[in-house]
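Before any comments, here is the structure.
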Amino acid sequence: MPAILIHGVPDTHHVWDGVRRHLTRPDVETWDLPGFGADRPPGFGSTKEEYVDWLVRRLERIGEPVDLVGHDWGCILTLRVASLRPDLVRTWAGGNGPVDAGYVWHPLARIWQDRVQGDRYMAELRAEPFAEEVASGFDVPLDLARDMASRVDEPMKDAVLRLYRSALTMGAEWEPGLSAVSAPSVVFWGRQDPACQIEFGRKLGASLRSSEVIEMDCNHWTVLQRPAEVAEILEKHWAARDAA
């Protein structure tokens, strides 16, 4: 069974490049969500439900349960998949993506959710200032932040706005479903994250009955700041399932 790694926002599969270099297994796949480096299917509206449905359909084609991993929105979406279709998931791992009714969206998310402010933000967005903002606000190395920002094109901007506007009450809607997640789980979370605070990682671990909640000494983008550590966490998690 393969390992499937799902990125967040505003990322593509490239956010996992550093982690992949430290993984030893050959069957790792990193997917681009529609609108995030991949074309959107005709009629695809980039809502949270449509992304979950897209993941479910693609996972069904694999034909066996997978080791599913997510960061940021990848964490949120893969958890929803694991709650709705536990038959598709052998193990789950993820972090820095709260699924909690008590979570208040971070300031930039609230801008994106506002139709006037969000549209203006995206119209004025330029790669270099955005990269500098990510680097200074989230401790991402500037070269990696620039690489990320360079991939934010017009389809991604539209997808981001549509996704966030579909998710005003995501926590209240999806948190109850966490009790249906049956796959062995591990949570890894950057405890310095100002947007997705560590308390929500701890609560997520409790809701999932996770084997561990690993509080990493970094900011939101664990997969960029600590790729070797993330890879080690994943391989340990998968090995424990193999040995069970």
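Residue numbers (my numbering): 46 to 289. Quick reminder that beta carbons are idealized off the backbone N, C-alpha and C, glycines included. This structure is a prediction, so every number in the text was calculated from the model and none was measured.
Continuous alpha helix (DSSP H) stretch holding residue i: start and end
i, result
"residue 66", "62-67"
"residue 109", "Here residue 109 belongs to no alpha helix (DSSP H), and DSSP marks it neither H nor E."
"residue 119", "118-129"
"residue 279", "272-288"
"residue 180", "172-183"
"residue 161", "160-169"
CB contact below 9 Å: residue i versus chain D
i, result
"residue 64", "Annotation note: the requested chain D is absent from the structure, which comprises a single protein chain."
Straight-line gap, residue i to residue j (C-alpha atoms, nearest Å)
i, j, result
"residue 180", "residue 282", "30 Å"
"residue 130", "residue 120", "15 Å"
"residue 48", "residue 56", "19 Å"
"residue 238", "residue 265", "5 Å"
"residue 173", "residue 287", "44 Å"
"residue 176", "residue 138", "27 Å"
"residue 136", "residue 71", "17 Å"
"residue 216", "residue 142", "10 Å"
"residue 261", "residue 267", "8 Å"
"residue 159", "residue 204", "14 Å"
"residue 148", "residue 112", "27 Å"
"residue 79", "residue 86", "7 Å"
"residue 83", "residue 285", "33 Å"
"residue 263", "residue 244", "15 Å"
"residue 88", "residue 200", "14 Å"
"residue 252", "residue 161", "36 Å"
"residue 114", "residue 214", "23 Å"
"residue 291", "residue 146", "This structure cannot speak to residue 291, because the chain is shown only from 46 to 289."
"residue 150", "residue 223", "19 Å"
Cβ pair residue i, residue j closer than 9 Å
i, j, result
"residue 234", "residue 197", "no"
"residue 279", "residue 144", "no"
"residue 107", "residue 76", "no"
"residue 183", "residue 240", "yes"
"residue 270", "residue 186", "yes"
"residue 61", "residue 124", "no"
"residue 96", "residue 154", "no"
"residue 117", "residue 54", "yes"
"residue 122", "residue 157", "no"
"residue 276", "residue 100", "no"
"residue 59", "residue 192", "yes"
"residue 246", "residue 90", "no"
Cβ neighbours of residue i in the same chain (closer than 6 Å, five flanking residues each side left out)
i, result
"residue 228", "127, 134, 136 and 137"
"residue 74", "47 and 49"
"residue 249", "232"
"residue 211", "92 and 93"
"residue 194", "172, 175 and 176"
"residue 236", "243 and 260"
First and last residue of the uninterrupted beta strand (DSSP E) at residue i
i, result
"residue 135", "134-140"
"residue 150", "Segment: none, residue 150 is in no beta strand (DSSP E) and carries neither H nor E."
"residue 21", "Residue coverage of the chain in this structure runs from 46 to 289, which leaves residue 21 outside it and unanswerable."
"residue 92", "Segment: none, residue 92 is in no beta strand (DSSP E) and carries neither H nor E."
"residue 75", "73-76"
7 Å CB neighbourhood of residue i in its chain, flanking five on each side removed
i, result
"residue 255", "230, 231 and 232"
"residue 167", "202 and 206"
Contacts around residue i, its chain only, beta-carbon distance under 8 Å, and the 5 residues preceding and following it disregarded
i, result
"residue 170", "197 and 202"
"residue 164", "206"
Complete runs of the alpha helix (DSSP H) confined to the segment 188-266 [at least 4 residues]: Fully enclosed alpha helix (DSSP H) runs of 4 or longer: 199-210, 215-219 and 243-253.
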